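Here's the structure we're looking at; comments come further down.
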Amino acid sequence: KAGVTQTPRYLIKTRGQQVTLSCSPISGHRSVSWYQQTPGQGLQFLFEYFSETQRNKGNFPGRFSGRQFSNSRSEMNVSTLELGDSALYLCASSTDRGGGTQYFGPGTRLLVL
Amino acid sequence: QKEVEQDPGPLSVPEGAIVSLNCTYSNSAFQYFMWYRQYSRKGPELLMYTYSSGNKEDGRFTAQVDKSSKYISLFIRDSQPSDSATYLCAGRDAGGTSYGKLTFGQGTILTVHP
Chain W
1 KAGVTQTPRY LIKTRGQQVT LSCSPISGHR SVSWYQQTPG QGLQFLFEYF
51 SETQRNKGNF PGRFSGRQFS NSRSEMNVST LELGDSALYL CASSTDRGGG
101 TQYFGPGTRL LVL
Chain L
1 QKEVEQDPGP LSVPEGAIVS LNCTYSNSAF QYFMWYRQYS RKGPELLMYT
51 YSSGNKEDGR FTAQVDKSSK YISLFIRDSQ PSDSATYLCA GRDAGGTSYG
101 KLTFGQGTIL TVHP
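First to last, the protein sequences are chains W and L. If you count the first sequence from 1, position 89 lands on 89 in the numbering used here, and the numbers rise without skipping. If you count the second sequence from 1, position 110 lands on 110 in the numbering used here, and the numbers rise without skipping.
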């Protein structure tokens, strides 16, 4: 079975721009979670989608948003980019049964200049 | 105080050593515990998954959870240079408000030298 895929893998943007990242979950997985990973804060939960509905959200400003499509693919968007948004953005998918074991993609590395 | 505390290391051991990695957590509602391994410039890879307290063994890896002391451990036997990576512990509660949310430790950087 193919793993979680994320596109693009690398991205360079300037302050004030917006960016959209894409995640395709493992086939049959309906839950997609997004995380931000930085050296200072580690892995932090952004939000989770299941059946096109956001069920949970972390403590990030409204500039961070996401959505999920009927095929479970998910996108996250960051508007009005700030230097501090430079990070590795990871998505993880799960079947959401029981403890919902999460499988991560390779991430999108975003650099904001 | 972070919900999951993990010594970032770095930890350096010789090949063949037994490695002990540890985390403590403060959220009593955590029921599920995971260990992930992350190589440089890669996404985290699931190593071990444990529900509630107890031990779980998989090959050279053993995960232990002691909910009474809120302590999570991962042991690696016969460590290999290929085990050199960052190891992340994570916890999750079973409540409805925790959908899809894992809370991670900071990660421990491990180097196994030949």
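Note that the Cβ used here is the ideal one computed from N, Cα and C, for glycine as well. Values in this document were obtained by computation on a predicted structure and should not be read as measured data.
Against chain W, the beta carbon of L:Q106 has neighbours under 8 angstroms at G42, listed in chain order. DSSP lists W:S93 as the beta-bridge partner residues of W:Y103. By a beta-carbon distance limit of 8 angstroms, W:L81 contacts W:G16. Their separation comes to about 6 angstroms. A residue is called buried when at least 16 other Cβ atoms come within 10 angstroms of its Cβ; L:A29 does not meet this threshold and is exposed.
DSSP places W:N59 in no beta strand (DSSP E); its state is neither H nor E. In the three-state reduction of the DSSP assignment, W:D85 falls in the helix class, which pools H, G and I. Residue burial is scored here from C-beta neighbours: L:E3 has fewer than 16 other C-beta atoms within 10 angstroms and is therefore classed as exposed. What W:N56 touches in chain L, judged by beta-carbon distance under 9 angstroms, is T97, S98, Y99, G100 and K101, going in chain order. Within chain L, the residues L46 have their CB atoms less than 8 angstroms from the CB of W:Y103, given in chain order.
Under the Cβ criterion of 8 angstroms, L:Y49 is counted among the residues facing chain W.
S31, S33 and G42: these are the residues of the segment 19 to 42 of chain W whose beta carbon lies less than 7 angstroms from some beta carbon of chain L, given in chain order. Per DSSP, the continuous beta strand (DSSP E) segment holding L:H113 begins and ends at T108 to H113. Note on geometry: alpha-carbon atoms of W:I12 and L:G54 lie some 45 angstroms from one another. Annotation: the segment 64 to 91 of chain L contains the following complete segments of the beta strand (DSSP E) (minimum length 3 residues), in chain order: 71 to 76. In the DSSP assignment, L:D58 falls within the unbroken beta strand (DSSP E) covering G54 to D58. Sequence-distant Cβ neighbours of L:S84 in its own chain, meaning closer than 7 angstroms and more than five residues away, are L110, T111 and V112. At least 8 angstroms separates the beta-carbon of L:G16 from that of L:S68. Just measuring C-alpha positions, the residue of W:L46, W:L110 and W:S27 sitting nearest W:G62 is W:L46. Counting along the chain, L:E3 sits inside no beta strand (DSSP E), nor does DSSP assign it H or E at all.
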